[in-house]
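Take the sequence shown: its position 49, counted from the start at 1, is 48 in numbering that gives the first Met the number 0, and no numbers get skipped.
We put the CB at the ideal spot given by N, CA and C, even for glycine.
Report on the following structure.
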Amino acid sequence: MNVQQSWQEPDPEHVSLALAGHDVPWVVDARQSAFERFKAHGFPSRREEEWKYTDVSVLSRRASLLPDNIPPDAPSEAALYAWMLSQQNVHLMVFINGHYSPELSCPGNLGPGVRLESFADMLDDAAELPQALFDQQHEHTVFDALNTAFSTDGAVLRLAPGARLEMPVYLLFIASGYGVSIYPRNIVVAGAGAQATVVEHYLGMVDAHNFTDSTTQLELGAGAMIEHCKLLQEGSAAYHLAGIHADLAADSRFISHSFALGSRLARNDITVRLSEPGGHCTLNGLYLLNGRQHADHHTRIDHLAPSCVSREYYRGVLDGESRGVFSGKVTVHPGAVKTDAHQSNHNLLLSREAEVDTKPQLEIFADDVRCTHGATVGQLDDDSLFYLRSRGLDAETARSMLIYGFANEIIERVPVPELRNRIADLVLDRLSQGDSIKELL
């Protein structure tokens, strides 16, 4: 699709001059060249294999994809939600429509060797941001290029070698406008042996046709460990396109949790590069869909070095006319001997109209490896329903309990108790007998 035919916007040069880093020549150049790459490709079409099952053409008909450069006032509901989070054991950063809100945030005492800053502030101070973190190399989809062109703000977490954060960094992104376009950019750089947990929570305060295009980059030094949790809870009319990209050094460990519980259409592109021996990554995901919701998880793990381990566990629960997509690709490159890789995708269909497209893939170009994959699509098990009913549960409660048990296989992996309980409650609230199950748990 020709972007210029459908997108009547000011020249991108003027747009970049209104964003963070507009006084830094290389930042302006990087934004403009990224926008040119986006225009050259256009919006992905379903003729492209990677977008075969996800139609994003509606985005080309938006009145504007430009970010709002004026930070909005935080609605009272957002302020209350942020205050509740600030009472928990987290380092909290709050963003309203893509702009950092210091008055709602509570980063707290980070300790030695840890820096947590606004991405916009770092763009304005070019000396603080390596150009390598804002270049074409980190673009895995055309929406990463669009994010580079229009990113407004986000979080930058830098951990010195050996630094450890006891409490999670909690990044709360609130969409409070109508028809707004939001471009968060998050960067995590962990030195050798550093450890931290990072939560990204996308929350919609209104049911509007908002558009979020987010990119998160993670670089793990030797022996570092980062656990990343993403909770998508935007409004039922919102569109959410995101990239999460991790690069692992020797003996480092990356764990990802992705929960897609909101948005009209959501896509997460998650990539991991195991660049040196001994790296370990685990990708967990759950999509809980109803109505006409659509969620797409595209993962790619590149085993580039020997003796690395990867695991993927994704589950979907689909009702109504919803559609889920899982495409997981594991590539074992030449020389990556003793690779140990496993991926699985299991789906539960609750209606005849719900649909799942699942495509686990393995590409192996090395010997002496152990790689497996599998996928299932099915309905609730009649024998399990009969067993629960024989124990005195009514049909709807038994059905809800089986659905929750299926989803809880992923929920219980979340390391942060408050977040784990919050996700469990959100899932139970979607079930017809969720309140009854809460009493039984």
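- What are the uninterrupted segments assigned as beta strand (DSSP E) that are 3 or more residues long and contained completely in the stretch 349-421, given in chain order? Listed in chain order, they are 354-363, 369-377.
- If we ignore side chains and look at the alpha-carbon of each, how far apart do L425 and C228 end up? In the sequence shown, counting from the first residue as 1, residue 425 sits at position 426. In the sequence shown, counting from the first residue as 1, residue 228 sits at position 229. If you take the alpha carbons of L425 and C228, they lie about 15 Å apart.
- Message: Quick check: the Cα distance between R46 and H40, rounded to an integer number of angstroms?
- Response: In the sequence shown, counting from the first residue as 1, residue 46 sits at position 47. In the sequence shown, counting from the first residue as 1, residue 40 sits at position 41. Looking at the two C-alpha atoms, the distance is approximately 13 Å.
- Task: Could you spell out where the beta strand (DSSP E) holding I269 opens and where it closes?
- Result: Here residue 269 refers to the residue found at position 270 of the sequence shown. For I269, the uninterrupted beta strand (DSSP E) segment begins and ends at 264-273.
- Task: Could you check what DSSP says for Q432 in three-state terms: helix, strand or coil?
- Result: The residue you call residue 432 lines up with position 433 of the sequence shown. Correct three-state label for Q432: coil.
- For G97, which residues of its own chain have a beta-carbon under 7 Å away from its beta-carbon, when the five flanking residues on both sides are left out? Residue numbering aside, residue 97 sits at position 98 when the sequence shown is read from its first letter. So the list reads P66, T151, D152, I181, Y182, P183, once near-sequence residues are dropped.
- Item | Opening and closing residue of the beta strand (DSSP E) in which N283 lies | Against the sequence shown, residue 283 aligns to sequence position 284. Unbroken beta strand (DSSP E) run through N283: 279-288.
- Task: Leaving aside the five residues before and after I402 along the sequence, list all residues of the same chain whose C-beta is less than 8 Å from its C-beta, in chain order.
- Result: The residue labelled residue 402 in the question sits at position 403 within the sequence shown. Excluding residues within five positions, the ones whose Cβ falls inside 8 Å are V316, L347, L349, L379, L430.
- Item | Through-space distance from R314 to E320, alpha-carbon basis | Looking up residue 320 in the sequence shown gives position 321. Looking up residue 314 in the sequence shown gives position 315. E320 and R314: Cα-Cα distance of roughly 17 Å.
- Task: Assign N146 to one of three DSSP states: helix, strand, or coil.
- Result: Within the sequence shown, numbered from 1, the residue matching residue 146 stands at position 147. Helix.
- Message: If you follow the beta strand (DSSP E) that M121 is in, where does it begin and where does it stop?
- Response: To locate residue 121, count along the sequence shown from 1; it is residue 122. From DSSP, M121 is part of no beta strand (DSSP E) but of the alpha helix (DSSP H) over 118-123.
- Do you know offhand how far S5's Cα is from R398's? Locating residue 5 in the sequence shown gives position 6, counting from the first residue. Locating residue 398 in the sequence shown gives position 399, counting from the first residue. Any reading at S5 needs caution, since the residue's pLDDT is 49, under 50, leaving its predicted position unreliable; the model's value is listed next. Approximately 47 Å, taken between the alpha carbons.
- Between A154 and the rest of its own chain, which residues show a CB-CB distance below 6 Å, the 5 nearest in sequence each way excluded? Locating residue 154 in the sequence shown gives position 155, counting from the first residue. Excluding sequence neighbours, A154 sits near M92, L170, N185.
- Item | Ordered list of alpha helix (DSSP H) runs contained in the stretch 136-204, each at least 4 residues | Fully enclosed alpha helix (DSSP H) runs of no fewer than 4 residues occupy 141-149 of the stretch 136-204, in order along the chain.
- Query: Going by beta carbon distance, what residues of the same chain come within less than 6 Å of R351, once the five residues before and after it are set aside?
  - Reply: Sequence index remark: in the sequence shown, residue 351 carries index 352 (1-based). Excluding positions up to five away in sequence, the list is empty.
- Determine the DSSP secondary structure at H40, reduced to helix, strand or coil. As a first step, residue 40 must be located in the sequence shown, where it is residue number 41. H40 falls in the helix class under three-state DSSP.
- Message: Contact defined as beta carbons within less than 8 Å: I believe A446 pairs with P416. What is the distance between those atoms, to the nearest angstrom?
- Response: The shown model of the chain, from 0 to 440, leaves out residue 446, and the question about it has no answer.
- Task: Check the C-beta distance from L84 over to V113 and give it rounded, since I have them as a contact under 8 Å.
- Result: Numbered from 1 along the sequence shown, position 85 holds the residue referred to as residue 84. Numbered from 1 along the sequence shown, position 114 holds the residue referred to as residue 113. At roughly 19 Å, the Cβ-Cβ gap does not stay under 8 Å, so L84 and V113 are not in contact.
- Task: For R86, count neighbouring C-beta atoms within 10 Å of its own C-beta (all shown protein chains included) and say buried if the count is 16 or more, exposed if not.
- Result: Your numbering for residue 86 matches position 87 in the sequence shown. With the sequence shown as reference, residue 86 is identified as Gln, and Arg is not the correct amino acid for it. Its Cβ having fewer than 16 others within 10 Å, Q86 is exposed.
- Can you check whether the CB of D268 is closer than 8 Å to the CB of H139? Your numbering for residue 139 matches position 140 in the sequence shown. Your numbering for residue 268 matches position 269 in the sequence shown. In this structure, H139 places its C-beta atom within 8 Å of the C-beta atom of D268.
- Task: Pair every Cβ in the stretch 261-275 with every Cβ in the stretch 164-179, then say whether three or more of these pairs are closer than 8 Å.
- Result: Remark: fewer than three beta-carbon pairs, one from each stretch, lie closer than 8 Å, so the stretch 261-275 and the stretch 164-179 are not flagged as touching.
- Query: Taking only runs of the beta strand (DSSP E) that begin and end inside the stretch 287-346, which ones reach a length of at least 3 residues, in chain order?
  - Reply: Whole beta strand (DSSP E) segments, 3+ residues: 293-302, 308-317, 322-331.
- Query: What did DSSP end up calling R61 once you bin it into helix, strand or coil?
  - Reply: The sequence position of residue 61 within the sequence shown is 62, counting from 1. Here R61 sits in coil by DSSP.
- Item | Nearest residue (CA-CA) to I69, options G277, A162, A19 | Here residue 69 corresponds to residue number 70 of the sequence shown, with the count starting at 1. Nearest C-alpha to I69: A19.
- Query: By how many angstroms is the C-alpha of F42 removed from the C-alpha of S56?
  - Reply: Taking the first residue of the sequence shown as 1, we reach residue 56 at position 57. Taking the first residue of the sequence shown as 1, we reach residue 42 at position 43. When rounded, the distance between both Cα atoms is 7 Å.
- Looking only at DSSP bridge pairs, what is M83 linked to? Position 84 of the sequence shown, counted from the first residue, corresponds to residue 83. Per DSSP, none; premise fails for M83.
- Could you give the DSSP three-state label for K229: helix, strand or coil? As a working mapping, residue 229 is identified with position 230 in the sequence shown. Three-state DSSP puts K229 in a strand.
- Query: For I450, which beta-bridge partners are listed by DSSP?
  - Reply: Shown here, the chain extends from 0 to 440; a query on residue 450 therefore has no answer.
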